[in-house]
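Residue numbers (my numbering): 739 to 930. Think of the CB as a built atom: it goes at the ideal place given N, C-alpha and C, for glycine as much as any other residue. Since the structure is predicted, the reported quantities are computational estimates derived from the model, not experimental observations. Each remark here refers to the structure printed beneath this line.
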Amino acid sequence: MSNALFLPIILGTPRKDRKSENVARWLLSQIEARDEIETQLFDVRDFDLPRDHYGTEIGANFPEWRDAIIRADGLIIVAPEYNHAYPGTLKSVLDLLLKEYIHKAVGFVGVSAQVWGGTRVIEAMVPMVRELGLIATFTDLNFPRVHTLFDDDGEMLDREFDKRAAAFLDELIWMSKTLRWGRENVSSKYHK
Ligand SMILES: Cc1cc2nc3c(=O)[nH]c(=O)nc-3n(C[C@H](O)[C@H](O)[C@H](O)COP(=O)(O)O)c2cc1C
739 MSNALFLPII LGTPRKDRKS ENVARWLLSQ IEARDEIETQ LFDVRDFDLP
789 RDHYGTEIGA NFPEWRDAII RADGLIIVAP EYNHAYPGTL KSVLDLLLKE
839 YIHKAVGFVG VSAQVWGGTR VIEAMVPMVR ELGLIATFTD LNFPRVHTLF
889 DDDGEMLDRE FDKRAAAFLD ELIWMSKTLR WGRENVSSKY HK
């Protein structure tokens, strides 16, 4: 196994014309520039979710996602704020798995049209991820007024975000390394 941390990203909305896609792709490029992290971008649009089955009973139907979360040291959730909460599709995708998340880190990226940068969607996610066994960092990455931050080609217009992304990733790396050490060295009924 590579010594690099594996921190997949989930893009949390299937909405046509979503601005969160610019955020996820820009963050992907920031991560790819760092040697100590590997990542993979998942998109909730790519999950063909059935209407009549839900949750872990169909988790095995999505092996790429399941294998990635089994391998992951942490997860990055890119979530737009929809009525102060997260899109239902994101929740449906997260609900596909359970034990695979336990004792792994999660970092939140909030995206919004208004000035709060997804602060409220992040607050709404905290109790939800806790039930999944994920451990939340406290350095969020917020994208307020997201429609002003990228040009038509998806290029980031404000270089201040480079520093913010670095701080967000530094903390997520610390938490992911610490939890990896714990999973490997401290016994628990949830992992060997
Ligand atoms: C159903 C819905 C609810 C929304 N609610 C909020 C909100 O509560 N606060 C906010 O700042 N923006 C809100 N927005 C605007 C989104 O934050 C905005 O579209 C932003 O670009 C991020 O979402 P996107 O990735 O779908 O573009 C809402 C958008 C939709 C579609």
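DSSP on residue i, reduced to helix/strand/coil?
i, result
"Ser-830", "helix"
"Phe-780", "strand"
"Leu-907", "helix"
"Gly-856", "coil"
"Phe-839", "Correcting the residue identity first, residue 839 is Tyr in this sequence and not Phe. Of the three classes helix, strand and coil, the one that applies to Tyr-839 here is helix, per DSSP."
"His-822", "coil"
"Phe-899", "helix"
"Gly-793", "helix"
"Ser-850", "coil"
Within 10 angstroms of its Cβ, does residue i collect 16 or more other Cβ (buried), or is it exposed?
i, result
"Ala-806", "buried"
"Ala-762", "buried"
"Pro-818", "buried"
"Val-864", "exposed"
"Glu-795", "exposed"
"Val-831", "buried"
"Arg-868", "exposed"
"Ser-925", "exposed"
"Gly-892", "exposed"
If contacts are defined as beta-carbon pairs under 8 Å, then residue i and residue j qualify, I think. What distance do you get, rounded to the angstrom?
i, j, result
"Val-853", "Arg-883", "6 Å"
"Leu-872", "Val-844", "4 Å"
"Arg-918", "Asp-811", "5 Å"
"Trp-803", "Phe-780", "6 Å"
"Leu-749", "Val-782", "6 Å"
"Pro-746", "Gln-778", "5 Å"
"Leu-743", "Ile-775", "5 Å"
Inter-stretch contact (C-beta, 8 Å, three-pair minimum) for the segment 820–828 and the segment 898–908: no
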